[in-house]
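Visitor: Numbering (numbering that gives the first Met the number 0), first residue to last: 0 to 55. By construction, the Cβ of each residue, glycine as well, lies at the ideal position given by its N, Cα and C atoms. Pasting a structure below so you can have a look.
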Amino acid sequence: MIDLRVVRDDPDAVRASQRARGEDPDLVDHVLAADEERRGALAGFEQARAEQKAAG
Numbered sequence: 000m001i002d003l004r005v006v007r008d009d010p011d012a013v014r015a016s017q018r019a020r021g022e023d024p025d026l027v028d029h030v031l032a033a034d035e036e037r038r039g040a041l042a043g044f045e046q047a048r049a050e051q052k053a054a055g
């Protein structure tokens, strides 16, 4: 399993690794897109929770 931070920090190296193993390098782009979506959802959740706490 590849650490998500490695994919974020050096996606070109991960793509090269995928190619070297005969795997689809486009999977890296899918992982990055899913991670970005997850991070956005998490930020929205945290903001909503902060607003809820502030409202009492």
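(1) Leaving out five residues on either side along the sequence, give the residues of the same chain with a beta carbon under 8 angstroms from the beta carbon of D23.
(2) Do R14 and D34 have their C-beta atoms closer together than 8 angstroms?
(3) By how many angstroms is the C-alpha of V27 removed from the C-alpha of R5?
(4) In chain order, which alpha helix (DSSP H) runs of at least 4 residues are fully inside the segment 2-41?
(5) On the three-state DSSP scale, how would you describe G43?
Guide: To lay it out plainly:
(1) For the purposes of this step, residue 23 is identified with residue 24 of the sequence shown, where counting begins at 1. Closer than 8 angstroms at the Cβ level, and outside the excluded window around D23, lie Q17.
(2) Sequence index remark: in the sequence shown, residue 14 carries index 15 (1-based). Sequence index remark: in the sequence shown, residue 34 carries index 35 (1-based). Contact flag unset, no.
(3) Translated into the one-based positions of the sequence shown, residue 5 becomes position 6. Translated into the one-based positions of the sequence shown, residue 27 becomes position 28. First, the amino acid is wrong: residue 5 is Val here, not Arg. Looking at the two C-alpha atoms, the distance is approximately 11 angstroms.
(4) 3-8 and 10-19
(5) Counting from 1 along the sequence shown, the entry for residue 43 is found at position 44. Of the three classes helix, strand and coil, the one that applies to G43 here is helix, per DSSP.
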